[in-house]
Each structure stands twice: as C-alpha cells, then as structure tokens.
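Undergrad: For the sequence shown, full-length UniProt numbering begins at 1 and goes up steadily by one.
All C-beta atoms in this analysis are idealised placements derived from N, C-alpha and C, irrespective of residue type, glycine included.
This is the structure, below, for whatever I ask next.
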Amino acid sequence: MPSTPVDIPAFASHQLLLLDAELQSELSETSLLVSSSTPSTLSRAGLAILNLQISSQRTGLGGKTVLELALDPAVAGSRKGGADIPEHGIKVGDIVGVQEQPVGSARRKEKAGLRERGVEGVVGRVGRDRLEVVLGKDPEGEELGGLGTGGRLWMMNQTMSNLKALPESAYTPFIRVLFGLTMPTPLPVPLPTPLTWLDPTLNPSQKDAIRFALASREIALIHGPPGTGKTHTLIELILQLLSQNLRILVCGPSNISVDNIVERLAPHKVPMIRLGHPARLLPSVLSHSLDILTRTSDAAAIVQDIRREMDAKQASIRKARNGRERRVVYGELRELRKEFRIRERGCVEGLIRGSRVVLATLHGAGGFHLKGQEFDVVVVDEASQALEAQCWVPLMWVKAGKLVLAGDHLQLPPTIKSLNTKEVKKAEKEKKTDKKTKARDDGEGETEKGEKSKDVNKSTTLETTLFDRLLDLHGPSIKRMLTTQYRMHEKIMRFPSDELYESKLVAADAVKARLLKDMPYEVSDTEDTKEPVVFWDTQGGDFPEKTEDEEIGKKAGKGMSLGESKSNELEAALVKLHVSNLVEAGLKPEDIAVVTPYNAQLAILSQLVKEDYPEIELGSVDGFQGREKEAVIVSLVRSNPEHDVGFLGEKRRLNVAMTRPKRHLCVIGDSETVGRGSKFLKKWMEFLEENADLRYPNVSDLYVDERNSG
C-alpha cells in the first residue's frame, strides 16, 4: 500500500476551498481594474480594444450568436496601421464584455448604463484585422450557454463537487489508484518489446517511455525535460494505441497544447475530431474542428437549413422598426435555437462516435458532447501546467480506464493568483473548527484516515498538480524520463541536467556543439558567436536595482501593472549592447529573445531594445515556457546590499530561463546578490564563473552609449 492514501471527500473539499479563493481573487482583481480605469487606460494596458464595430453576425455551434468585430472604417482610415486592430492582449478563450463606447463627456450614470446594456461572451477567434465573440446572452437577455466570469473555474468546482459526492461503492480501480487506496498493477519485467515502430527516429528513452505507457494498466507519467521531444513521443504513443484498436481522448490545459498535437497527427490520416475553437487558424487544425465538421460533413445537412433560417432572422433584427418587432423576431429565434440544438446534438454525437481520437482542452472535455462517452485511454499533455481539478474534468465526465500524463514538474506550474490567501486560511480554520465540534457532539475522535488526509491537504495548494501528487504518492516507478535533448548546446544543458535531472540528459549529436557562427546563414566568428554561454557579472554594486511604480509602465506605453516590480536600467543597457554585438555579427534579430522575471524590466527593455530591433522577442520568463530561440539573453535584475532575490529563488523559474536557447545563452546579473539567494543559485553562479565566458562590464562605457543613443 502507498504510505499516505488520500481521503477522497476531504481532498475534494479542500480543492473546492482553493478554487473558491482563486475565483474571488480573479473577480476582485478584474472588478477593481474595470471600475478604476478608463477605456483608454484599459486599451493601453492591452485589456480593451476601442473603436470597433460589428461587421457581421451569424449563428455558431450550439446556436450561439457570433459577433464579428472590426475597426471602424473612419478610424482605420486615419491610422498608420490601416484596418489592423491595435496591439492588445486579448486571446482566444478570454471572457469579454462588448459594449457601446462612452463619449468623453459621458457622466458616470450614463457609463454605467452602457455597461448594463452590453453583452458578455467568449473570444472565439482573433485575427489581425478582426475578432469574433461568441455571446453568452443575446441582446434580449436569453442565456446562450452559461458563459460567465469564472466559467472554467465553475467547471472545476462542479467536477470537485461530483468527486466529493461520489459514493465509495463507485470508486473504480482506476480512481482508487489515483488516490493511493490501492497500488498500480505491477508491470511485467522486462517490458514487452515486439513493437513495430512507426517513427524510425525515436531514441531509446522515447521507446522505453512508450513501451512503459502501453504496458501500464492504470497510470503512466512521461517526464519530458526541455527539448527532449515529449510531443514527438506522444504522437507515436497515440498511433501505437490506435494500432491496438483503442479509443483515445487527448487533452491539454491550453488550446495551443491541443492544436500542436492535432497538427502532428494530421499527416497520419487519423480519424479524429477537435472539440472547441482552435487557437491557431491553420487548415490542418480547422479541418478537424467540430465547428467545421458540423458544416461540411454528410451529417451536417440536417442542420444547415435551420442555420440559414436563423442567420436570416439575425439579419432582420437590424431592419426592425421598433422594439415590438424586435421582440417578435427574438421569440422566433428562441424557438429556432431549440430545434437547432436538438438536430445539431444528433449530428455532433454521430461525428464524435465515429472518431477514434477526440481532442479537447481539459475544461472543454466537460462539454455535453462527451458526457458518458467511453475511452480506453485519456492522454494529458503539458500536465505539469494544469491544475489538478482541471485534469479531473475529463476523468469524471467520460468513462476511462487508463491515464497517461506528460509534462515536466521541474518547470513552472500553473499561475495561481490566490496562493496563501487569507480566504483559504480562514475557510480551512472554520472547517476544522466545525469538524471538531461535530466530532465532540458525536462523541467521536478524528480517525487515522482523517489525520492522514488532513496532512496531505495541509501541503496542497493549487500549484500542486496531479503529476506532482501522483509522483509523490507512488514514487518514480510510475514514471519514465526522456533523456536525449535536441535543443541545447551541451554546455547550456550541463547545469540544469546536473542539478535538476540527475545528470541524465544527453545532448543529441546534431546539437551538442552547434554555435551561432554555424548558423545556416552567414554569421561572423566573433567573441560572442563562438561562445555557447556568456556571463556578464555586474557584481560590485555599480548596477543597482530599483523598485518601480506604475510610472515606468505608462512611459513604456504598455500600461503594465508593475506594483512592486524590480528593474535595472544599467542591466537593460548591457542587454542592448549584447544584442547590438550579435546583430552586427550577422545574427538576425528574430533569432534573439530577451527574457527577464520582472515586468518593470520588460517595460524598460521595450523602450531601449524594441525600438531599434522590432523583430526581437521580449518576454517574461513565465511567458516564455515552452518556447525556444537560437540566442537568449537573461536579465536577472536583482542587485542590492541585502542580497535579496525575491521570487528569483524559485529554481523552476530559473530552469525555464536557462533552457530556452539553442546555441547561445547570455546571463546578465550580480553574482554577489544572486549567489546568496539559495544553494541552487550559489551553485549556478559558481558554474557560470567556471564554465561561461566570464565578463565584467565597464559602467562608464554604458553611460557613454546611453548618452549617444539619447
């Protein structure tokens, strides 16, 4: 038996507390932002798009109204970018409000009225010159699919409530293993080997992981460190499962993670269907999406006539002469929607039943389309970036007997806004008090099982993923790690391999010695392009950090919310100097990325570097997870007499930062400050001092450079 079996109702109750705190954090943050900011401020922050108008309106999947929004032609004609929508941060899947834009002289009461008359929906598609919003309500107030603030969290809440209420008699062998109530079924030793590999390029560790996942009865974890071909391995696994006549549900925490698998599977002509709105409008993805198949398949004919009638009704609303006529049309639309949904459901069920592979985001797998469907295996990619409650959405919604999780628990977990909030602590305290009172009233003490589950919950936050918990519960026997990496020069790989991956990573022959000077286009052989790792050590206190306020964000024109974020202007100047040297040597700016843990530093870099090199990519460390570039410059920022490093001490964040480059990693930071932050940071600074091309910047040169550039 595992050492700490988990009490399922107690676990689900604790998850519900955590999810509620997360929802409250999101709601309060959004409410504060919207109520205290003007539309133009939100627009500068990338959180709103102004001067749009409805260019078309149609009926989408589920009978929902889809608005297509484009820039007002009068505004587009006066803009340098023409009809292109201004830069913004709105993404597919975001919940948005669509409302009339108030004029500058509008009073507070009038603005509130415009908000109330607005509609809420979910962004379905984002293009360069237009975007689509799938409405949650029609303009008359009818609910069109329950799309509200916190919709994804609502789905996870519902899932955890169902898990909490699940009677013990309904615990399947699969569920019992996931909570440590029983051990996973032992595997044969050695693993079965007679497999016909469809991909001849697979390396031994990839083949071993696939054999292991195929042989496992209940759970299998595939640990894919940076650049080790995790998705490549999953594609072969899915094809092998199909060759055994098994049916598979493939999920991921984001649209991009799912679409990536759709693209890789498409050339194999797999009978598959992609639920939800693809984030990237690539033909290989769109042709498999449910939205397209319900329009183009043989079964789609049964809904096309009613769809056309609904579109005609939508168009007639604008021509209505008064409110009474509009209400009549909306009434007719409601009746048509009911019939449409009945017909469409039959069409959709036929399409899904005929698909051997169904793909969806984790929360998308909780839609009515999949309820009660049977799958032999559920595969979750990027599992280390998903909340555990997210992973339970498909597991509770469909019938499945095996779970394969793929990810890397040594990179960043999902972003959580409510970690250690007062709401969680207060709710847990109240819950414990109620439990003790009840036990006293019943004349009972806490059971041993209750004590154990309490201990498990004590250390659990929303950052604790299912991947983490299963590894902690059952140990390394349920995991196989991929060990050959195809991204980094051997020297770039060495430190993360030794300190985080038990020295097991091996650089593939094709990448282990490649440098910037060996690029497929002409790059000069310089002191920068021939070095895989460069460390600019700013120790000595000449490169002091600053704690920034909102002002820098405003100056940068990005409207970033900086709060207590840190910046380091001289370090940013050093970044620009290194970028300039690489570009002068012939490296294309689009092959360079600059990453930093701090938004305030990003704001400065966007002014200093982006203006001269618009093709260069700037990003936060957290936002760059899963990405790669030929050359990456990491600005660590922290330099202070107290040797305080803040969240830079999180080794998973640093792991992401140092494993993004292919041929060249440049680290800029103060070894004196950073090296005292933790044992891990001390080892990293020592590694850089011994193995990198070590440089000490001349501050006066940077001052001269800044004066010249000004």
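Apply the 10 Å Cβ neighbour rule to residue 7 and answer buried if 16 or more other Cβ atoms are within range, or exposed otherwise.
TA: Buried, because 16 or more other Cβ atoms sit within 10 Å of the Cβ of residue 7.
Undergrad: Please state whether DSSP places residue 681 in a helix, a strand or coil.
TA: Correct three-state label for residue 681: helix.
Undergrad: Apply the 10 Å Cβ neighbour rule to residue 657 and answer buried if 16 or more other Cβ atoms are within range, or exposed otherwise.
TA: The residue is buried, with at least 16 neighbouring Cβ atoms inside 10 Å.
Undergrad: Mind checking residue 268: buried by the 16 CB within 10 Å criterion, or exposed?
TA: Classification of residue 268: exposed, given that the 10 Å Cβ count is below 16.
Undergrad: Between the Cα of residue 50 and the Cα atoms of 178, 15, 97 and 10, which residue gives the shortest distance?
TA: Nearest option by C-alpha distance: 97.
Undergrad: By Cβ distance below 6 Å, which residues in the same chain neighbour residue 171 in space, the five residues on each side in sequence not counted?
TA: Correct list: empty, nothing qualifies.
Undergrad: When you compare only the Cα positions, how much space is there between residue 331 and residue 316?
TA: Spanning the two alpha carbons is a distance of roughly 13 Å.
Undergrad: Bridge partners of residue 223, per DSSP?
TA: In DSSP, residue 223 forms a bridge with 407 and 481.
Undergrad: Nearest chain C C-beta to residue 68 closer than 7 Å, yes or no?
TA: Checking the listed chains, one finds no chain C in this structure; it contains a single protein chain.
Undergrad: Among 336, 472, 367 and 481, whose alpha-carbon lies nearest the alpha-carbon of residue 203?
TA: With distances taken between Cα atoms, residue 203 lies closest to 481.
Undergrad: List the whole-angstrom C-beta distance separating residue 236 from residue 265, where the pair is believed to meet the contact cut-off of C-beta under 8 Å.
TA: Not a contact, Cβ separation roughly 11 Å.
Undergrad: Report buried or exposed for residue 206, applying the criterion of at least 16 other Cβ atoms within 10 angstroms of its Cβ.
TA: Residue 206 is buried by the Cβ-count criterion.
Undergrad: Could you tell me if residue 525 is buried or exposed, where buried requires 16 or more neighbouring beta carbons within 10 angstroms of its beta carbon?
TA: That one is exposed.
Undergrad: Using the C-alpha atoms, what's the distance from residue 608 back to residue 623?
TA: About 20 Å.
Undergrad: Taking residue 329 and residue 313 to be in contact with their CB atoms under 8 Å, please state how far apart those CB atoms are, rounded to whole angstroms.
TA: About 6 Å; that satisfies the 8 Å criterion.
Undergrad: What is the rounded straight-line gap between the Cα of residue 503 and the Cα of residue 497?
TA: Each residue's alpha carbon lies about 5 Å from the other.
Undergrad: For residue 369, which residues of its own chain have a beta-carbon under 7 Å away from its beta-carbon, when the five flanking residues on both sides are left out?
TA: Hits under 7 Å: 275, 348 and 352.
Undergrad: Taking the C-alpha atoms as reference points, what is the distance between residue 594 and residue 536?
TA: C-alpha separation (whole angstroms): 14 Å.
Undergrad: Classify residue 408: buried if its beta carbon has 16 or more other beta carbons within 10 angstroms, exposed otherwise.
TA: Answer is buried; the Cβ neighbour count reaches 16.
Undergrad: Could you work out which residue in 671, 701 and 383 is closest to residue 539 when comparing CA atoms only?
TA: Looking at the Cα atoms, 671 is the closest of the given residues.
Undergrad: Straight-line CA distance for residue 598 to residue 566?
TA: One C-alpha to the other measures close to 6 Å.
Undergrad: With which residues is residue 121 paired in a DSSP beta bridge?
TA: Beta-bridge pairing links residue 121 to 96 and 135.
Undergrad: Sort 247, 632 and 187 by Cα distance to residue 583 and report the nearest one.
TA: When only C-alpha atoms are compared, the closest one is 632.
Undergrad: Since residue 635 sits in a beta bridge, which residues does DSSP pair it with?
TA: DSSP output for residue 635 lists 668 as bridge partner(s).
Undergrad: Enumerate, from N- to C-terminal direction, the unbroken alpha helix (DSSP H) stretches of 4 or more residues contained entirely within the segment 213 to 272.
TA: Runs found: 230 to 243 and 255 to 265.
Undergrad: With DSSP run on the structure shown, which of helix, strand or coil describes residue 604?
TA: Helix, per DSSP.
Undergrad: Might you give, ordered along the chain, the residues of its own chain that have their beta carbon closer than 7 Å to the beta carbon of residue 306, omitting 5 neighbours on each side?
TA: Here the set comprises 336, 339, 340 and 343.
Undergrad: Can you look up residue 364 in the DSSP assignment and give me helix, strand or coil?
TA: DSSP places residue 364 in helix when its eight states are reduced to three.
Undergrad: Within its chain, find whatever has a CB closer than 6 Å to the CB of residue 311; leave out the 5 residues flanking it on each side and keep chain order.
TA: These residues qualify, in order along the chain: 58 and 59.
Undergrad: Could you tell me the boundaries of the beta strand (DSSP E) in which residue 53 lies?
TA: 52 to 59 is the span of the beta strand (DSSP E), which, as asked, contains residue 53.
Undergrad: Is it buried or exposed, residue 54, if we count other Cβ atoms within 10 angstroms and call 16 or more buried?
TA: Exposed: under 16 other Cβ atoms inside 10 Å.
Undergrad: So is residue 563 buried or exposed if we call it buried at 16+ other beta carbons inside 10 Å?
TA: Residue confidence is low: residue 563 scores 45 on pLDDT, short of 50, so the model does not pin down where it sits. Its coordinate-derived value is still stated next. Exposed, since its Cβ has fewer than 16 Cβ neighbours within 10 Å.
Undergrad: Are the segment 388 to 403 and the segment 162 to 179 touching, with three or more C-beta to C-beta distances below 8 Å?
TA: Segments in contact, yes.
Undergrad: Which residues in the same chain as residue 401 place their Cβ atom closer than 6 Å to its Cβ, once the five residues preceding and following it in sequence are excluded?
TA: Closer than 6 Å at Cβ, skipping near neighbours: 174.
Undergrad: So, with DSSP's three-state summary, where would you put residue 394?
TA: It is helical.
Undergrad: Give the range of the alpha helix (DSSP H) segment to which residue 535 is assigned.
TA: It is not in any alpha helix (DSSP H) - residue 535 instead sits in the beta strand (DSSP E) that spans 533 to 537.
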